[in-house]
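A quick write-up on the structure given underneath.
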Amino acid sequence: LVSASSFDRAKVFRVKPQNERQVKFIKDLASIKQLDFWHPDSALHVVTHMEVDFHVSADQSRAVQTFMEQNRIQYEVLLHNLQEEIEKQFDGKKN
Amino acid sequence: FTARHCYTKYNSWDTIAAWTARIAKKYPKLVSRIEIGNTFEQRPMYLLQVGKVSGRKKTIFMDCGIHAREWISPAFCQWFVKQATRTYGKDKTMTYLLDNLNFYVLPVFNIDGYVWSWTKDRLWRKNRSNNSNTDCIGTDLNRNFNAAWGTVGVSDDPCDEIYCGTAAESEKETKAVATFIRENLHSIKGYLTIHSYSQMLLFPYGYTSRKAPNHDELNKVAEEAVEALSSMYGTKYKYGVSATIIYPTSGSSDDWAYDEGIKYSFGFELRDRGKYGFLLPQSKIKPTCKETMLAVMHIAKYVLNHAS
Numbered sequence: 006l007v008s009a010s011s012f013d014r015a016k017v018f019r020v021k022p023q024n025e026r027q028v029k030f031i032k033d034l035a036s037i038k039q040l041d042f043w044h045p046d047s048a049l050h051v052v053t054h055m056e057v058d059f060h061v062s063a064d065q066s067r068a069v070q071t072f073m074e075q076n077r078i079q080y081e082v083l084l085h086n087l088q089e090e091i092e093k094q095f096d097g098k099k100n
Numbered sequence: 016f017t018a019r020h021c022y023t024k025y026n027s028w029d030t031i032a033a034w035t036a037r038i039a040k041k042y043p044k045l046v047s048r049i050e051i052g053n054t055f056e057q058r059p060m061y062l063l064q065v066g067k068v069s070g071r072k073k074t075i076f077m078d079c080g081i082h083a084r085e086w087i088s089p090a091f092c093q094w095f096v097k098q099a100t101r102t103y104g105k106d107k108t109m110t111y112l113l114d115n116l117n118f119y120v121l122p123v124f125n126i127d128g129y130v131w132s133w134t135k136d137r138l139w140r141k142n143r144s145n146n147s148n149t150d151c152i153g154t155d156l157n158r159n160f161n162a163a164w165g166t167v168g169v170s171d172d173p174c175d176e177i178y179c180g181t182a183a184e185s186e187k188e189t190k191a192v193a194t195f196i197r198e199n200l201h202s203i204k205g206y207l208t209i210h211s212y213s214q215m216l217l218f219p220y221g222y223t224s225r226k227a228p229n230h231d232e233l234n235k236v237a238e239e240a241v242e243a244l245s246s247m248y249g250t251k252y253k254y255g256v257s258a259t260i261i262y263p264t265s266g267s268s269d270d271w272a273y274d275e276g277i278k279y280s281f282g283f284e285l286r287d288r289g290k291y292g293f294l295l296p297q298s299k300i301k302p303t304c305k306e307t308m309l310a311v312m313h314i315a316k317y318v319l320n321h322a323s
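Residue numbers (our numbering), protein chains in the order written: chain A, 6 to 100; chain B, 16 to 323.
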């Protein structure tokens, strides 16, 4: 068993804040939504022009996406369904 | 006990623990297993000493898996030991290194967290202690070392992923590693800590913008190590001072090791740059480890020839 927690439809977003306003937006977003920062380790470290990767659960990802769009934050979805990626780590072989 | 270890798969802690016993038994002249302490959940912490048994030798300490979810990191430590044992006496460089240098290899630093990442939450990062007297579990072990502890790039909220603990070395795992290193400082000339992801080779400092006294030398060694790494598959790595290349943080193990007097202290962030992040597929273990070996071997040769 790889993961008892389900990451079904959880997503990983990548954002590259272009200015201080966008940095503040990410930090504010992290204070109201559960963002699991993959890079950097925490919202604390986010600065302009840094690639920021964070994981958001399935039930919050729609809202997070909407917030980013409303605030004209450009983002990329790095991983669309974390559970699938977790399973794919093993490249189809049973471990 | 007799099962063959698979180095191109991710292995659970039980498998790794059994492997540490087996490899030490199989190569008694080259590998010995040392128990350096216990984790919060009372698991023994095993360290492998790798190198030809002889008199006083310089040593390099290398740890993997300080962050539970960075699975490629323990995979590298296992790969390193495999290469050392299988190529000793065959490969000239490895033989020269192991004849003249010892490696202390800690295959999994954050064992409880690693077990948790296999059984309950693949994306768990911290250890599993509840020292904070809150409902939140875990301390970030790479914020828990006594290097400007608690001052920059950390959180004092136990619920945060970068919670630094109640004090420097408050965690049993940190204490065990720090104590072992302190007790062996006379021989330890190099320190390597293996993380993922981002593809970077970092050196002190993270807690200050001040340059390390041998900054230029560290920069040169890092440049050459990255060049060696890239020569295999063209993987691009950044290198430089942690505080500027990544971000300022205090309490990290490489800064601490440096300040303890280990003047060749480096942190690796292995593959990749975000395509898979912490979920690097098993098929990437072999190429990642092969290229990383080149960088580690370069650093080891440098330390052997230049550390006083």
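Virtual Cβ for every residue (Gly too), placed ideally from N, Cα, C. Bear in mind that the values here come from a model prediction, so they are computed numbers and not experimental data.
Three-state class that DSSP yields for residue i in the structure shown
{"i": "W210/B", "result": "Sequence inspection shows His at residue 210/B; the Trp mentioned does not correspond to that position. Of the three classes helix, strand and coil, the one that applies to H210/B here is strand, per DSSP."}
{"i": "R19/B", "result": "coil"}
{"i": "K190/B", "result": "helix"}
{"i": "C92/B", "result": "helix"}
{"i": "I314/B", "result": "helix"}
{"i": "L6/A", "result": "Confidence at L6/A is low in this model, with a pLDDT of 43, below 50, so its placement is unreliable and the value that follows should be read with caution. If DSSP states are grouped into helix, strand and coil, L6/A belongs with coil."}
{"i": "H50/A", "result": "helix"}
{"i": "R101/B", "result": "helix"}
{"i": "V169/B", "result": "coil"}
{"i": "D231/B", "result": "helix"}
{"i": "H321/B", "result": "helix"}
{"i": "F293/B", "result": "helix"}
{"i": "Y25/B", "result": "coil"}
{"i": "W133/B", "result": "helix"}
{"i": "W164/B", "result": "coil"}
{"i": "W271/B", "result": "helix"}
{"i": "Y12/B", "result": "Any property of residue 12/B remains undetermined from this structure, which presents chain B solely from 16 to 323."}
{"i": "F12/A", "result": "coil"}
{"i": "F195/B", "result": "helix"}
{"i": "F42/A", "result": "strand"}
{"i": "F72/A", "result": "helix"}
{"i": "D155/B", "result": "coil"}
{"i": "D58/A", "result": "strand"}
Residues bridged to residue i (per DSSP)
{"i": "N53/B", "result": "P59/B"}
{"i": "Q64/B", "result": "S47/B, Y119/B"}
{"i": "M77/B", "result": "V120/B, L207/B"}
{"i": "M215/B", "result": "K253/B, E284/B"}
{"i": "E81/A", "result": "R19/A"}
{"i": "Y279/B", "result": "G205/B"}
Same chain, Cβ closer than 6 Å to residue i, neighbours up to 5 away in sequence not counted
{"i": "A310/B", "result": "A240, A243, L244"}
{"i": "K204/B", "result": "K73, V318, A322"}
Neighbouring residues, chain D, relative to residue i (Cβ below 7 Å)
{"i": "Q70/A", "result": "Included in the structure are the protein chains A and B, with no chain D among them."}
Cβ shell of residue i (< 8 Å), same chain only, five flanking positions each side left out
{"i": "T259/B", "result": "S224"}
{"i": "A163/B", "result": "Y222, T223, S265, G266, D270"}
{"i": "E169/B", "result": "Going by the sequence as given, residue 169/B is Val instead of Glu. So the qualifying residues of the chain are D155, R158, I177, Y178, C179, T264, S265, G266."}
{"i": "Q39/A", "result": "V61, S62, Q65"}
Whole-angstrom distance between residue j and residue i, CA atom to CA atom
{"i": "Y103/B", "j": "Q297/B", "result": "26 Å"}
{"i": "L6/A", "j": "R137/B", "result": "Bear in mind that a pLDDT of 43 at L6/A, under 50, signals an unreliable position, so the number given afterwards is only what the model happens to contain. Rounded to whole angstroms, L6/A to R137/B spans 10 Å at the Cα level."}
{"i": "A48/A", "j": "E184/B", "result": "24 Å"}
{"i": "C179/B", "j": "F124/B", "result": "16 Å"}
{"i": "V96/B", "j": "L233/B", "result": "25 Å"}
{"i": "A90/B", "j": "T54/B", "result": "20 Å"}
{"i": "T100/B", "j": "M109/B", "result": "9 Å"}
{"i": "Q57/B", "j": "N76/A", "result": "48 Å"}
{"i": "R67/A", "j": "E81/A", "result": "14 Å"}
{"i": "H201/B", "j": "D150/B", "result": "41 Å"}
{"i": "T208/B", "j": "Y119/B", "result": "12 Å"}
{"i": "K326/B", "j": "R19/A", "result": "Only positions 16 to 323 of chain B appear in this structure, which leaves residue 326/B out of reach."}
{"i": "I31/A", "j": "D64/A", "result": "18 Å"}
{"i": "C304/B", "j": "I261/B", "result": "22 Å"}
{"i": "V46/B", "j": "A193/B", "result": "22 Å"}
Residue j beta carbon less than 8 Å from that of residue i
{"i": "S88/B", "j": "S211/B", "result": "yes"}
{"i": "A83/B", "j": "Y25/B", "result": "no"}
{"i": "T181/B", "j": "S132/B", "result": "no"}
{"i": "L116/B", "j": "G70/B", "result": "no"}
{"i": "I300/B", "j": "T23/B", "result": "yes"}
{"i": "A315/B", "j": "L112/B", "result": "yes"}
{"i": "H60/A", "j": "L87/A", "result": "yes"}
{"i": "S257/B", "j": "G292/B", "result": "no"}
{"i": "A237/B", "j": "Y248/B", "result": "no"}
{"i": "L294/B", "j": "Q94/A", "result": "yes"}
{"i": "C79/B", "j": "P122/B", "result": "yes"}
{"i": "H44/A", "j": "S213/B", "result": "yes"}
Close Cβ partners of residue i (< 7 Å) along its chain, the five nearest in sequence each way excluded
{"i": "V52/A", "result": "V28"}
{"i": "A191/B", "result": "I51, G52, M60"}
{"i": "H313/B", "result": "E239, A240, A243"}
{"i": "E25/A", "result": "T53"}
{"i": "L280/B", "result": "It should be noted that the sequence gives Ser, not Leu, for residue 280/B. Excluding residues within five positions, the ones whose Cβ falls inside 7 Å are Y206, F218, P219, D269, A272, Y273."}
{"i": "L84/A", "result": "K16, V17, E90"}
{"i": "A36/B", "result": "R48"}
{"i": "D127/B", "result": "T54, F55, E56, R58, N142, R143"}
Cβ-heavy atom distance, residue i to the ligand MG, below 7 Å
{"i": "S245/B", "result": "Among the components modelled here there is no ligand, and therefore nothing to report on the ligand MG."}
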